[in-house]
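Structure, as structure tokens:
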Amino acid sequence: MQEKPGDMDKSHYPKHIAIIMDGNGRWAQKRHLPRIMGHPAGVKAVKRVVKFCAEEDIQVLTLFAFSSENWRRPKDEVSKLMGLFMLTMEKEVKRLHKNNIRLRFIGERTDFSESIQLKMAESEQLTQDNAGLTLVIAANYGGHRDITLAVQDIAQQVKEGIIAPDEIDETMIAGSLSIPDLPDPDLFIRSGGEKRISNFLLWQLAYTEFYFTDELWPDFKAETMQVAIDDFLTRERRFGRTSEQVQSMSN
Ligand code: IPE
Ligand code: IPE
Ligand code: MG
């Protein structure tokens, strides 16, 4: 985006924002609608947030769309969610591409239908050279599973004699997880009032700043995002150091 006169300095803005979009079901129930009606309303909130991040030059936005535990929901809700996932990709990917947004997916794909898997692959391929916002959709994602797959991968390398056990370090583990090439989230947001991670990016959230709001996801606005960012900007990220050390480093 072009710098406009009066634009504030955004150099301290989070580079990577990760969101648990929670509260769709309750949003619908509050309106005496079936829970599933909350999900299409949630997609509208996704569009607002993606637009905001693209305009504010955020590098990466990761959205938790469907957890590996969400298969436990009633069959009808799961099948409606799958339909909505497909429909949203069909309707929105071209627009994302036009806006220079790169789309990526994390999570295990093989549990999705062939047609969804194909659409995911096509969408990633279409947008792979886009240099604007990277939009990561966590679909059938679980943090435990992510780490488990990384461990399997590393164990295989040990078995083949490519590495020794004591060569396994944090960098290697991080590099074996999903999205190894992207920075860890700076800011984590969860809507819907719950204060838990629900098996989201367990490893990658080690030093992320957390922001919780009671607002239900379909009510989530660009302004809420700005409030979360403003709150983030007041935090002192110490990464284990003392406040004095951090301040002398930034001078
Ligand atoms: C989040 O909203 C969307 C998904 C998990 C797919 P919920 O459906 O969890 O909404 P609540 O938490 O039941 O209100
Ligand atoms: C987390 O929400 C997963 C997504 C938003 C996709 P849930 O509604 O599934 O989380 P819990 O079950 O309340 O922890
Ligand atoms: Mg929920």
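For the sequence shown, the numbering used here begins at 2 and goes up steadily by one. Even for Gly, the Cβ is constructed at its ideal location relative to N, Cα and C. Note that the structure is a prediction, hence the values are computed from the model and not measured.
Between the CA atoms of residue 167 and residue 190 - distance to the nearest angstrom: Rounded to the nearest angstrom, the two C-alpha atoms are 36 Å apart.
Distance cut-off 7 Å: residue 220 Cβ against heavy atoms of ligand 1: No.
Outcome for residue 210 when other beta-carbon atoms lying within 10 angstroms are tallied against a minimum of 16: Buried, because 16 or more other Cβ atoms sit within 10 Å of the Cβ of residue 210.
Closer than 7 Å: residue 39 CB and nearest ligand 1 heavy atom: Ligand 1 has a heavy atom closer than 7 Å to the beta-carbon of residue 39.
At least three beta-carbon pairs within less than 8 Å, the region 221-241 to the region 71-81: Touching, no, given that fewer than three Cβ pairs across the two stretches are closer than 8 Å.
Ordered list of beta strand (DSSP E) runs contained in the region 70-150, each at least 3 residues: For the region 70-150, whole beta strand (DSSP E) runs of length 3 or above, ordered along the chain, are 103-107 and 135-142.
Distance, residue 145 Cα to residue 205 Cα: CA-CA distance, residue 205 to residue 145, rounds to 12 Å.
Nearest-angstrom Cβ-Cβ length linking residue 62 and residue 107, presumed shorter than 8 Å: Rounded, the Cβ-Cβ distance is 13 Å, inconsistent with contact.
Contacting residues, own chain, Cβ-Cβ under 6 Å from residue 185 (five flanking each side not counted): In the same chain as residue 185, and ignoring 5 residues on each side of it, the C-beta atoms closer than 6 Å to its own belong to 205, in chain order.
Identity of the residues DSSP links to residue 212 by a beta bridge: The bridge partners DSSP lists for residue 212 are 190.
Candidates 105, 127, 101 and 233, of which the one nearest residue 66 by Cα: Ranking 105, 127, 101 and 233 by Cα distance to residue 66 puts 105 first.
Strand pairing of residue 61, partner residues [DSSP]: According to the DSSP secondary-structure assignment, residue 61 is paired through a beta bridge with 17 and 135.
Identified DSSP bridge partners for residue 201: Under the DSSP definition of a beta bridge, residue 201 lacks any partner.
Cβ-based neighbour list, residue 195, same chain, cut-off 7 Å, excluding 5 preceding and 5 following: Excluding positions up to five away in sequence, the list reads 23.
Rounded distance between the beta-carbons of residue 225 and residue 214, thought under 8 Å: Taking C-beta atoms under 8 Å as the contact rule, residue 214 and residue 225 qualify, at a distance of about 6 Å.
beta-carbon residue 215 near ligand 3 non-hydrogen atom, thresh 7 Å: Every heavy atom of ligand 3 is 7 Å or more from the Cβ of residue 215, so no.
Any non-hydrogen atom of ligand 1 within 7 Å of residue 108 CB: For ligand 1, not one heavy atom lies less than 7 Å from the Cβ of residue 108.
CA-to-CA distance, residue 42 to residue 158, given in whole angstroms: When the Cα atoms are used, residue 158 and residue 42 turn out to be separated by approximately 45 Å.
From 122, 155 and 94, residue whose alpha carbon lies closest to that of residue 171: Comparing Cα-Cα distances from residue 171 to each of 122, 155 and 94, the minimum goes to 155.
Segment limits, alpha helix (DSSP H) that includes residue 221: From DSSP, residue 221 is part of no alpha helix (DSSP H); its letter is neither H nor E.
Same chain only: Cβ atoms within 6 Å of residue 7, ignoring 5 sequence neighbours per side: Model confidence at residue 7 stands at a pLDDT of 48, short of 50, so the residue's coordinates are unreliable; what they give is reported in the following sentence. Nothing meets the Cβ criterion.
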